[in-house]
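Input: a single structure, listed below in structure tokens.
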Ligand SMILES: Cc1cc2nc3c(=O)[nH]c(=O)nc-3n(C[C@H](O)[C@H](O)[C@H](O)COP(=O)(O)OP(=O)(O)OC[C@H]3O[C@@H](n4cnc5c(N)ncnc54)[C@H](O)[C@@H]3O)c2cc1C
Ligand SMILES: Nc1ncnc2c1ncn2[C@@H]1O[C@H](COP(=O)(O)O)[C@@H](O)[C@H]1O
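Chains as they are written, first to last, in my numbering: chain A, 40 to 287; chain B, 15 to 333.
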């Protein structure tokens, strides 16, 4: 089985979010980048397939040279090789188009992406990719097993979960649950050394237009300060929630 | 030309988000000088849609589409959009809508903006405001394609009522290869889900152990609320994974969010910030949650929560 794991390179979850150039650009100053958490679960599941079922695992990112350390980290965790499509990611559609080309050229059976990225939160790329290549698609995926051409997956739905059967080629949008939190791997020294020798191919982009454009960013309005209620006067909270906030 | 909106129902009844997206579609249609068409799957009585701005309902009754299927639903909605010559298609931010929307975008060659929080500031160029960086910022985006797809955030636009009525028409789309088949559904019934809840009561590591969740459940029960938890609580197995909220868990956009024994880490707050009113109960006055909350009580949850339950019961009895 050939697995492609899509890796989105995102600001660390603790990053302060600021903008520059008249609020049109994300301020990368002092920001640490990480593998998108949803993709980390996917990559770990891919490692399981590699070790238990003999899969070959490629990681891919659509982005500039600055994303290479993130791909190297994925190689250090255990992916066999990496591809960077050398173009700035501008919108979900343009990224999905690039990934569709990678899938077509590489003949992958299974594409593991994340439910959403934590920066732009489009939740678009995996579904669009599935649509473009005509693969089956399961998102909010919390478990995945593959047997030959058949796949069994579990998906989180509002208020519960459902079990589905489908077949390859398949794209999933993974999230926590795909593997346990405790199964996530931190690259060790040997992995890091080996990653240096693994192939990281830089691929030129195919022609792809965007469908949306970012005009500018805004920060939420500053919040007023908290109204404190004495612990001996809990009735006052009920009163405020009813008469002032009008939420009960 | 009409604006098409996908109005979700469950067991024949419309969800609140369906009425919210219908209201949103009406606002867009007014700006464009056109009408609203809703598409429904196996819904019973569609008259309520008229009261929320819908002019015409395309009613699909199909046993093949009885279970939600992203491919099947996306294809049906796309056929409806073509039939109505819709230039704008509106969906919600439910798990199902988020699942089908990217497939629909490809079907319709439509540019897609998800998590949109306001009516368009302009329809030409089509400009919307969406959340980005898990609620730490907003992004103003234009959709530049001929057909536009908008995913509306929950509880952002609100439900608007009008006195009008909608015509209905049966619609039988052709059904594609479904590709994904549901084997079994494991859903807690009779409980409010985090996605649908107006109020969410959430517990953190400050509650010490799973045996102490009785009071959280009772508080949720009195309020008709859903229960949720912080990430470590689900990682420790005190509560099911499905209750984990935050940046890497479920997003919460309720009217009221009550955080008990939760410190307010940035990853937690990012996922619940879209809630309108936030209450924190925590022993530590320095807990970061106090900076994000509207109301706070510095105190021990084991003393405050039982008192709160008692006061709420008195309040409910008077109502
Ligand atoms: C990549 C990444 C992603 C993450 N994603 C998420 C996410 O999606 N959601 C999430 O929640 N977290 C997430 N986290 C974890 C987050 O950083 C915090 O560790 C977590 O939110 C803390 O949970 P907590 O507030 O329950 O526990 P703690 O931080 O341990 O806080 C417990 C609080 O309870 C209070 N307390 C103690 N006793 C009492 C009492 N008797 N009465 C009242 N209060 C009491 C304490 O004062 C303290 O403030 C993520 C972390 C990382 C690194
Ligand atoms: N630039 C990118 N390169 C590779 N994969 C991506 C990229 N952007 C998004 N993805 C994948 O698509 C998922 C969802 O991202 P998004 O649609 O941006 O929310 C991510 O978790 C990644 O798996």
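Where a beta carbon is used, it is the ideal one built from N, C-alpha and C, also for glycine.
No experiment lies behind these values; they were computed from the predicted model shown.
- Nearest in C-alpha terms to residue 123 of chain A, of all of A/40, A/232, A/113 and A/284, is A/113.
- Excluding its 5 nearest sequence neighbours in each direction, residue 191 of chain A has C-beta neighbours in its own chain below 6 Å: 184 and 204, listed in chain order.
- Think of a sphere of 8 Å around the beta carbon of residue 108 of chain B: the chain A residues whose beta carbon falls inside it are 197, in chain order.
- Within the chosen limit of 7 Å, ligand 2 reaches the beta carbon of residue 159 of chain A through at least one heavy atom.
- Taking the CA atoms as reference points, residue 286 of chain A sits about 35 Å from residue 153 of chain A.
- Using a Cβ-Cβ cut-off of 8 Å, residue 281 of chain A is close to 329 of chain B, given in chain order.
- Here the segment 266-283 of chain A does not lie against the segment 85-103 of chain B, with fewer than 3 beta-carbon pairs under 8 Å apart.
- Residue 131 of chain A is a Cβ neighbour of residue 167 of chain A, given a cutoff of 8 Å.
- The residue among B/31, B/33, B/87 and B/34 with its C-alpha nearest the C-alpha of residue 56 of chain B is B/87.
- Distances from the CB of residue 46 of chain A to the heavy atoms of ligand 2 include at least one below 7 Å.
- In its chain, beyond the 5 residues on either side, 240 have a beta carbon closer than 7 Å to the beta carbon of residue 207 of chain B.
- With a threshold of 16 other beta carbon atoms within 10 Å, residue 25 of chain B falls short and is exposed.
- Using a cutoff of 7 Å, the CB of residue 226 of chain B does not count as near ligand 1, since none of the ligand's heavy atoms is closer than that.
- Rounded to the nearest angstrom, the Cβ distance from residue 320 of chain B to residue 229 of chain B is 6 Å, consistent with a contact under 8 Å.
- If you compare the alpha carbons of A/76, A/119, A/239 and A/260 with that of residue 90 of chain A, the shortest gap goes to A/119.
- Relative to the Cα of residue 133 of chain A, the nearest Cα in the group A/72, A/209, A/164 and A/172 belongs to A/164.
- Excluding five sequence positions before and after residue 245 of chain B, the CB atoms of its chain that fall closer than 8 Å to its own CB belong to 258, 260, 262, 263, 281 and 282, given in chain order.
- Shortest gap from the CB of residue 120 of chain A to any heavy atom of ligand 2: 7 Å or more.
- Per the C-alpha coordinates, the member of A/174, A/249, A/195 and A/60 positioned closest to residue 216 of chain A is A/195.
- Per DSSP, reduced to three states, the secondary structure at residue 298 of chain B is coil, with no helix or strand assignment.
- A residue is called buried once 16 or more other Cβ atoms fall within 10 Å of its Cβ, and residue 228 of chain A, having fewer, is exposed.
- In this structure, the beta-carbon distance from residue 51 of chain B to residue 18 of chain B falls below 8 Å.
- Residue 283 of chain A and residue 309 of chain B have their C-alpha atoms spaced approximately 11 Å apart.
- The way I'd put it, the segment 73-85 of chain B doesn't touch the segment 163-173 of chain B; fewer than three beta-carbon pairs between them come closer than 8 Å.
- For residue 111 of chain A, the enclosing alpha helix (DSSP H) has its first and last residue at 107-116.
- Sequence-distant Cβ neighbours of residue 297 of chain B in its own chain, meaning closer than 6 Å and more than five residues away, are 314.
- Exclusion of the five residues before and after residue 256 of chain A leaves 58 and 62 as the residues of its chain whose Cβ lies within less than 6 Å of its Cβ.
- Rounded to the nearest angstrom, the gap between the Cα atoms of residue 27 of chain B and residue 21 of chain B is 10 Å.
- Distances between the C-beta of residue 58 of chain A and the heavy atoms of ligand 1 are all 7 Å or more.
- With a threshold of 8 Å between beta carbons, residue 296 of chain B makes no contact with chain A.
- A Cβ-Cβ separation of about 12 Å leaves residue 212 of chain A out of contact with residue 160 of chain A under the 8 Å criterion.
- In this structure, residue 167 of chain B has its CB at a distance of at least 7 Å from all heavy atoms of ligand 2.
- At a threshold of 7 Å, residue 188 of chain B does not count as near ligand 1, since its beta carbon sits no closer than that to any of the ligand's heavy atoms.
- For residue 242 of chain A, the uninterrupted beta strand (DSSP E) run begins and ends at 239-242, by DSSP.
- Distances from the alpha-carbon of residue 176 of chain B to those of B/66, B/166, B/104 and B/196 put B/66 closest.
- Two segments are said to touch when three or more pairs of C-beta atoms, one from each, lie closer than 8 Å; by this definition the segment 250-266 of chain A does not touch the segment 139-152 of chain A.
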